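A.B. asks: Next up is a structure, given as structure tokens.
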Ligand code: CO
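Numbering (the numbering used here), first residue to last: 1164 to 1304.
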């Protein structure tokens, strides 16, 4: 089921401050425009790496999906990892059948890449919040 690592999610109280680390300290040369995702209560910006991306997540409004995380980690930190899967619904059903809890309603939502995503509870994933994202090239299926 599991495919490529698509990105690593990093929560931050400030994307512009986080960019000082990735651009200023680590020398990243390519970042995307900041995108607002009100459905998730986050603003996101991707740092492009040769083989992957870092997804910077800043809270947007009330009820952000990262507000509890930032309460525990006020300066931000590594929040989730995202793997690509060919078929998001098949992956969800397979994980559920194996006893894993899918967060929220369990229905895939359109994420920052414009393809359906789900999140799997960290208690079932060795302590890691796992995002599964339908591989962009198969999103139309
Ligand atoms: Co993500």
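In this text, a Cβ means the ideal position worked out from N, Cα and C, and glycines have one as well.
Predicted model only: the values in this text are computed from it and were never measured.
Candidates 1264, 1179 and 1274: which alpha carbon is nearest residue 1289's?
C.D. replies: The count along the chain shown starts at 1 and reaches residue 1289 at position 126. Considering only alpha carbons, the answer is 1264.
A.B. asks: If you check the beta carbons only, do residue 1228 and residue 1204 fall under 8 Å apart?
C.D. replies: As a first step, residue 1228 is located in the chain shown; it is residue number 65 there, counting from the start. As a first step, residue 1204 is located in the chain shown; it is residue number 41 there, counting from the start. A contact, by the Cβ cut-off of 8 Å.
A.B. asks: With distance defined between alpha-carbon atoms, name the residue in 1193, 1294, 1181 and 1253 nearest to residue 1245.
C.D. replies: Residue mapping note: residue 1245 aligns to position 82 of the chain shown, counting from 1. Of the candidates 1193, 1294, 1181 and 1253, the one whose C-alpha sits nearest the C-alpha of residue 1245 is 1294.
A.B. asks: Quick check: is any heavy atom of the ligand CO less than 7 Å from the C-beta of residue 1284?
C.D. replies: One-based indexing of the chain shown puts residue 1284 at position 121. No.
A.B. asks: Using a Cβ distance threshold of 8 Å, determine whether the stretch 1215 to 1225 contacts the stretch 1167 to 1182, with at least three qualifying pairs required.
C.D. replies: With the cut-off at 8 Å, the stretch 1215 to 1225 and the stretch 1167 to 1182 touch.
A.B. asks: Just to confirm, does residue 1172 get its C-beta within under 7 Å of one of the non-hydrogen atoms of the ligand CO?
C.D. replies: Sequence index remark: in the chain shown, residue 1172 carries index 9 (1-based). Yes - the ligand CO has a heavy atom lying nearer than 7 Å to the Cβ of residue 1172.
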